[in-house]
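If you want my numbering, it's the 1-based position in the sequence shown plus 628. Here the structure is laid out as structure tokens; the discussion comes afterwards.
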Amino acid sequence: MIRYLIHIFQLILVIFFSNQSFAEDASKILTISEGLRLATDNNRLIKIASLNKNIVSSDILIARAKLLPSINASLRQTYLTHQIGAIFGQDKVFISQKEYLFYGINLYQTIYDFGANISRYEASKTFLDVTNLDIARIRNLVALDFINTYFDLLEIEKMMEVAKKEVERFESHLKVAQSLYAEGAITKNGLLQAEVMLSDAKQRLLTIKNRKAIDISRINTILARPINEDLQVVDVPMDISQGVELEKAWEMAEKQRREVKIIDHELKIIDLEEKAAKSEYYPKLFAQGGYNFTENRYQFPEGNWSVILGIDLNLFSGGSTKAEVSKVLHRREQLLEEKRKLMDDIKLEVEKSYLDLKNAMEKILVTKGAANQAEENLRINKIKYEEGIGTSTDVIDAITLLTLAETNYCRALYELRRAQAELRYATGSDLVSVYASQ
């Protein structure tokens, strides 16, 4: 009975630790959609841009305050060295106490200023839209960086599989060479050649392992995680469709790219700033009112309400208003030129991504056929070598050729995936949404 209970307890421990191990491995698995979510939530560049949004929101409140009345209250206690008076003929009469209290509350409201304050308020709200667009731009840029790094890691894992196969092929070749050498069918030089090639293949495998560790660290950096934290990535289904035509891609980029939208909003801000600057040429209508009390037994009443309607007009400001308007106009010209250059750059970026995608698709077709041919070539040369017809050099060349063909095929596969991501980014697509289901 005791032995039976011990077995049950051991079984429970095995199941528990197996589940723990499985949970740990599962926690290290990172899909591209989950990685994009983490990257856009935790990336420090996005956090910095988001903090800028808080600054702009404060600027909106500052601009809005100009539209509201300003209310000031004051309280003063005055002490005079000499009591103030007035002379009426031969008489001297005091008109103020030597010590007196003053308090008051006053309200000031701009009634009309030819749209100066409202323009500045609308400009600050538009700048918030610019900030939101910039956050979206940085978010998409971070997403593209993560996607490319994710595909780099997937590619290096495939390259590692190719390198392992190469080591296995050279190990198999070395065994055949050792057998033939023992039989006296080949010379020592043939055996040494196989040993050297195996050693070289193992070194390449080690280099690829180091590259994988670096790519994992790059992903962890993007995700703001510990740099040495291990993870496993999941391959993404390959989409071999050509996608949109080049002309259509250009149209999509012009409509969707955040950079273009940002400049359009900045041009709107310039229009509002121009209106605000030109308002300085015109008068401002204001109203002011309040209550003031001065403690003084020599006057009455001591407290009084007042209402003032007035106009302020800046007759001369040293040319600052004209310079401000000129500055705004020059800024508009600069933005229009920036937009033209941006459209040229985006058009070039779209075309490059489009051609890279087309080139990658053609590479896949070519390299896949080459890999199949290289595999058949290795099979034939191995048979010849084992039968004493072929040479060790022929087998080594065949292994090297097959490894090169498989390497080129793997690179083409992930060049295609990266080119697709680059084209989607170039046309302004939201990458997080595009890869959400993968």
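Backbone N, C-alpha and C fix where the C-beta goes; we use that ideal spot for every residue, glycine too. Note that the structure is predicted; figures quoted are calculated from it, not measured.
Does DSSP put residue i in a helix, a strand or coil?
i, result
"residue 997", "helix"
"residue 700", "strand"
"residue 654", "Because the pLDDT of residue 654 is 44, which lies under 50, any placement of that residue in the model is unreliable, and the number read from its coordinates should be weighed accordingly. In the structure shown, residue 654 sits in a helix (DSSP, three-state: H, G or I)."
"residue 1068", "Given that the chain is displayed from residue 629 to residue 1066, the structure contains no residue 1068 and the question cannot be resolved."
"residue 1016", "coil"
"residue 1065", "coil"
"residue 659", "coil"
"residue 838", "helix"
"residue 1073", "What is shown of the chain runs 629 to 1066, which leaves residue 1073 out entirely."
"residue 984", "helix"
"residue 1050", "helix"
"residue 851", "coil"
"residue 884", "helix"
"residue 649", "Any answer about residue 649 is weak, because its pLDDT of 41 lies below 50 and its placement is not dependable; what the coordinates show is given next. Note: residue 649 maps to helix in three-state DSSP."
"residue 962", "helix"
"residue 938", "strand"
"residue 860", "strand"
"residue 1028", "helix"
"residue 801", "helix"
"residue 774", "helix"
"residue 639", "For residue 639, the pLDDT reaches just 46, beneath the cut-off of 50, and the residue's location in the model is therefore unreliable, although a value from the coordinates is still provided. Helix, per DSSP."
"residue 815", "coil"
"residue 944", "coil"
"residue 792", "helix"
"residue 761", "helix"
"residue 907", "helix"
"residue 1057", "coil"
"residue 749", "helix"
Would you call the CB atoms of residue i and residue j closer than 8 Å?
i, j, result
"residue 766", "residue 677", "yes"
"residue 1056", "residue 829", "no"
"residue 813", "residue 1016", "yes"
"residue 770", "residue 673", "yes"
"residue 724", "residue 924", "yes"
"residue 793", "residue 1038", "no"
"residue 776", "residue 1046", "yes"
"residue 703", "residue 918", "no"
"residue 966", "residue 891", "yes"
"residue 981", "residue 1054", "yes"
"residue 932", "residue 908", "no"
"residue 1009", "residue 1018", "yes"
"residue 733", "residue 701", "yes"
"residue 1027", "residue 798", "yes"
Pull up the distance between the alpha-carbon of residue i and that of residue j, whole angstroms please.
i, j, result
"residue 848", "residue 1059", "19 Å"
"residue 742", "residue 938", "15 Å"
"residue 635", "residue 844", "Only weak support exists for where residue 635 lies, its pLDDT of 46 falling under 50; the value from the coordinates is given anyway. Roughly 41 Å between the two C-alpha positions."
"residue 779", "residue 985", "15 Å"
"residue 836", "residue 784", "7 Å"
"residue 653", "residue 840", "Residue placement at residue 653 is flagged as unreliable, the pLDDT there being 46, under the threshold of 50; a coordinate-derived value is accordingly withheld."
"residue 960", "residue 695", "26 Å"
"residue 655", "residue 754", "The predicted model places residue 655 with a pLDDT of 46, which falls under 50 and marks its position as unreliable; any figure quoted below should be read in that light. Near 43 Å, if we compare the C-alpha coordinates of residue 754 and residue 655."
"residue 921", "residue 727", "14 Å"
"residue 740", "residue 911", "9 Å"
"residue 873", "residue 691", "46 Å"
"residue 737", "residue 915", "5 Å"
"residue 774", "residue 994", "29 Å"
"residue 903", "residue 717", "58 Å"
"residue 697", "residue 905", "21 Å"
"residue 930", "residue 748", "41 Å"
"residue 805", "residue 1004", "20 Å"
"residue 719", "residue 711", "15 Å"
"residue 895", "residue 699", "35 Å"
"residue 651", "residue 838", "Since pLDDT at residue 651 reaches only 39, below the 50 mark, its modelled position is unreliable, and no value is offered."
"residue 1032", "residue 664", "32 Å"
"residue 954", "residue 901", "11 Å"
"residue 1051", "residue 976", "11 Å"
"residue 934", "residue 705", "22 Å"
"residue 889", "residue 1043", "30 Å"
"residue 878", "residue 885", "10 Å"
"residue 1006", "residue 860", "33 Å"
"residue 950", "residue 963", "20 Å"
"residue 1022", "residue 1002", "12 Å"
"residue 649", "residue 658", "The pLDDT assigned to residue 649 is 41, lower than 50, so where the model puts this residue is not dependable; a value taken from the coordinates is nonetheless given after this. Those two C-alpha atoms are separated by around 16 Å."
"residue 816", "residue 824", "12 Å"
"residue 826", "residue 818", "13 Å"
"residue 887", "residue 970", "8 Å"
Determine, for residue i, whether the minimum Cβ-Cβ distance to residues of chain C falls below 8 Å.
i, result
"residue 737", "This model lacks chain C altogether, as it is built from one protein chain only."
Pull the bridge partners of residue i from the DSSP assignment, please.
i, result
"residue 921", "731 and 931"
"residue 719", "716"
"residue 738", "914"
"residue 957", "None, per the DSSP bridge assignment."
"residue 867", "Note: residue 867 sits in no beta bridge, so no partner."
"residue 725", "None, per the DSSP bridge assignment."
Answer yes or no: the CB of residue i versus the heavy atoms of the ligand FMN, is any distance below 7 Å?
i, result
"residue 850", "Ligands in the displayed structure: none, and consequently the ligand FMN is not present."
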